[in-house]
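Numbering-wise (the working numbering), the sequence shown opens with residue 24 and increments by one. Note that beta-carbon positions come from the ideal geometry of N, C-alpha and C, so glycine has one too. From a predicted model like this one, the values you see are computed outputs, not experimental measurements.
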Amino acid sequence: MSILSGKGKVKLDGQKGLTKDKPILSIEAPDVVYIPLVLGVATDFDVHVKEGDHVCIGTKIATRKSMYVPIYSSVSGTVKGIEKRMHASKRLQQHIVIENDHKNERVKAYVVNDPDHMSQEDVFNAIKELGIVGLGGSGFPTYIKYSHPENIETILINGVECEPFLTSDHLAMKRDIKALFDGTHYLIKAAGAKKGIIAIKEHKPDLMELLVEEAKNYDNIEPREVPDRYPMGWERVLVETVFKKEYDKLPAEIGVIVNNSSTAIALSKGIRKGEPITHRVVTFSGNGLKNPQNVDVAIGTPVNYIVEKIGGYIDEDCDGFLVGGGPMMGKSVMNDTFVIYSHNNAITVMKKEDIKPLPCLKCGECTLHCPAHLQPVRIMQGEKAANVELIEKLEADRCVECGMCTYICPSKIEVTDMVAKAKRRLQLAQKRKNA
Numbered sequence: 024m025s026i027l028s029g030k031g032k033v034k035l036d037g038q039k040g041l042t043k044d045k046p047i048l049s050i051e052a053p054d055v056v057y058i059p060l061v062l063g064v065a066t067d068f069d070v071h072v073k074e075g076d077h078v079c080i081g082t083k084i085a086t087r088k089s090m091y092v093p094i095y096s097s098v099s100g101t102v103k104g105i106e107k108r109m110h111a112s113k114r115l116q117q118h119i120v121i122e123n124d125h126k127n128e129r130v131k132a133y134v135v136n137d138p139d140h141m142s143q144e145d146v147f148n149a150i151k152e153l154g155i156v157g158l159g160g161s162g163f164p165t166y167i168k169y170s171h172p173e174n175i176e177t178i179l180i181n182g183v184e185c186e187p188f189l190t191s192d193h194l195a196m197k198r199d200i201k202a203l204f205d206g207t208h209y210l211i212k213a214a215g216a217k218k219g220i221i222a223i224k225e226h227k228p229d230l231m232e233l234l235v236e237e238a239k240n241y242d243n244i245e246p247r248e249v250p251d252r253y254p255m256g257w258e259r260v261l262v263e264t265v266f267k268k269e270y271d272k273l274p275a276e277i278g279v280i281v282n283n284s285s286t287a288i289a290l291s292k293g294i295r296k297g298e299p300i301t302h303r304v305v306t307f308s309g310n311g312l313k314n315p316q317n318v319d320v321a322i323g324t325p326v327n328y329i330v331e332k333i334g335g336y337i338d339e340d341c342d343g344f345l346v347g348g349g350p351m352m353g354k355s356v357m358n359d360t361f362v363i364y365s366h367n368n369a370i371t372v373m374k375k376e377d378i379k380p381l382p383c384l385k386c387g388e389c390t391l392h393c394p395a396h397l398q399p400v401r402i403m404q405g406e407k408a409a410n411v412e413l414i415e416k417l418e419a420d421r422c423v424e425c426g427m428c429t430y431i432c433p434s435k436i437e438v439t440d441m442v443a444k445a446k447r448r449l450q451l452a453q454k455r456k457n458a
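In structure tokens, the structure reads:
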């Protein structure tokens with residue numbers, strides 16, 4: 024069954040007007056930053072610095088071991104050690120603590136002598152050594168997608184940003200339009216592809232005008248509008264919308280590699296200026312903030328520091344929900360002391376609402392609207408019964424936790440949370456089985 028059939032995608036109340044027309048606010052890094060030794064779910068890092076070491080912006084401070092990714096300092100100053108503190112994953116994780124000297128001394132993380140004449144291998148090495156990862160939320164090491172590119176025709180740049188409230192990619196593309204195309208050009212070269220497509224949602228005339236104008240400088244990169252429907256930003260939905268093709272596991276099966284727009288921008292800055300990912304644009308929005316705002320901040324900056332700088336919470340007691348990410352796919356975190364990390368594109372703060380769920384109506388709306396064609400309510404029933412066999416049969420592991428089933432549920436049941444718990448139960452059972 025095609026994902027393009029049935030009800031599938033819905034138009035959400037995006038609330039993007041809270042931030043999309045405001046300029047990006049650059050916030051000075053705090054006196055101390057905490058660089059997380061976490062990437063995705065991986066926590067296996069070699070640390071290259073010790074207490075007392077002086078670092079600059081761009082100094083390599085750690086390297087992920089299981090899937091090579093270097094991590095760089097976002098400030099200049101002195102390493103104070105390693106500390107366990109709350110992370111957006113809702114777990115205590117190791118962080119490298121750096122005291123900021125506010126001198127902003129910089130070093131190039133990677134030097135490209137002739138950026139205009141790079142081979143395919145040169146670009147691949149730059150992607151790897153600069154620590155470029157998926158900045159749309161996954162944090163997946165970008166070079167892995169380009170390790171063995173075969174028969175790749177198109178690089179698809181995902182600038183859709185379909186989550187409500189989020190406008191960080193939108194504003195970053197407008198600010199860095201030349202870097203967006205330049206980075207896309209390098210990704211095309213890295214894959215040996217023929218062309219690139221930059222996809223954004225329809226009804227963004229200000230951004231589309233810039234894209235169309237810049238595209239005149241490239242004969243193999245074109246902007247493309249896609250419907251304003253959720254979850255259009257999910258890789259599988261976007262690929263099928265643009266190419267009218269489906270794939271089994273990876274877009275490469277149909278000759279496509281997908282990268283986030285901010286990832287392309289970061290690659291251009293890395294190659295042209297030697298800058299690794301030390302800062303990023305993050306949307307701070309939601310009805311729990313006095314002044315929703317996109318901010319440009321150093322990796323390792325605590326969320327509460329940023330909230331204070333932009334005006335604070337609506338409720339001084341912060342009696343609401345603080346979400347790492349957007350309201351559909353983000354995860355609520357119990358306090359605001361965690362820090363911004365490389366692939367963190369949003370912090371959403373919502374006022375608490377007293378919602379009492381009703382019994383399931385068995386209406387089937389969650390199944391009709393599931394973009395992965397799962398049966399969320401049956402998976403939820405399997406989780407309640409701790410029935411691993413049923414959960415596995417219903418393929419709960421294919422859920423991407425897009426939040427659609429909860430959003431669409433007329434009984435206001437937290438279906439997505441239950442399906443996520445079912446996924447974890449299945450994963451634990453499979454680990455025990457393979458142990």
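It is roughly 52 Å from the alpha-carbon of K435 to the alpha-carbon of D76. Beta-carbon to beta-carbon, I337 and K313 are separated by about 6 Å, close enough to satisfy the 8 Å threshold. Going by DSSP, M141 is part of no alpha helix (DSSP H) at all; its letter is neither H nor E.
Straight through space, the alpha carbons of K151 and P164 are spaced by roughly 8 Å. Within the same chain, Cβ atoms closer than 6 Å to the Cβ of L158 are found at N283, S285, T286, H366, the five residues on either side in sequence being excluded. No Cβ-Cβ contact shorter than 8 Å links T301 with N368.
The distance from the Cβ of V304 to that of I363 is about 10 Å, inconsistent with a contact at the 8 Å cut-off. The three-state secondary structure of V56, taken from DSSP, is strand. Taken through DSSP and simplified to helix, strand or coil, F204 comes out as helix.
Given a length threshold of 3 residues, each whole run of the beta strand (DSSP E) inside the stretch 293-325 is given here in chain order: 302-308, 316-321. For H193, there is no enclosing beta strand (DSSP E); the residue is found in the alpha helix (DSSP H) stretching over 191-198.
The residue among E263, I94, D137 with its C-alpha nearest the C-alpha of C79 is I94. With 16 or more other CB atoms across the displayed protein chains lying within 10 angstroms of its CB, Q116 is buried. F266 sits in a helix when the DSSP states are folded into three classes.
By the Cβ test, the stretch 121-132 is not in contact with the stretch 186-198, since fewer than three Cβ pairs between them sit closer than 8 Å. Rounded to the nearest angstrom, the gap between the Cα atoms of I119 and S96 is 9 Å. Between Q38 and N457, the alpha-carbon positions lie close to 45 Å from each other. Under the three-state reduction of DSSP output, Q116 falls in the strand class.
Here C425 is buried, its C-beta having at least 16 other C-beta atoms within 10 Å. Of the candidates K113, R114, Y57, K197, K197 places its Cα closest to the Cα of K43.
Here K103 has V55, E74, V120, I121, E122 as same chain residues with Cβ atoms under 8 Å from its own Cβ, once five neighbours each way along the sequence are excluded.
Its chain contains I175 as the residues whose beta carbon lies nearer than 7 Å to that of A275, once the 5 sequence neighbours on both sides are disregarded; these appear in chain order. The three-state secondary structure of T177, taken from DSSP, is strand. Contact check for L449 and E415: beta-carbon distance about 6 Å, within the 8 Å limit, so the pair qualifies. Excluding the 5 residues flanking it on each side, K131 has same chain C-beta neighbours closer than 7 Å at G81, G297, in chain order. The stretch 392-405 makes no contact with the stretch 206-221: fewer than 3 CB pairs, one atom from each, lie closer than 8 Å. Residue burial annotation: K168 is buried, with at least 16 other C-beta atoms found within 10 angstroms of its C-beta. Contact between L41 and P315 holds, with the beta-carbon distance rounding to 4 Å and staying under 8 Å.
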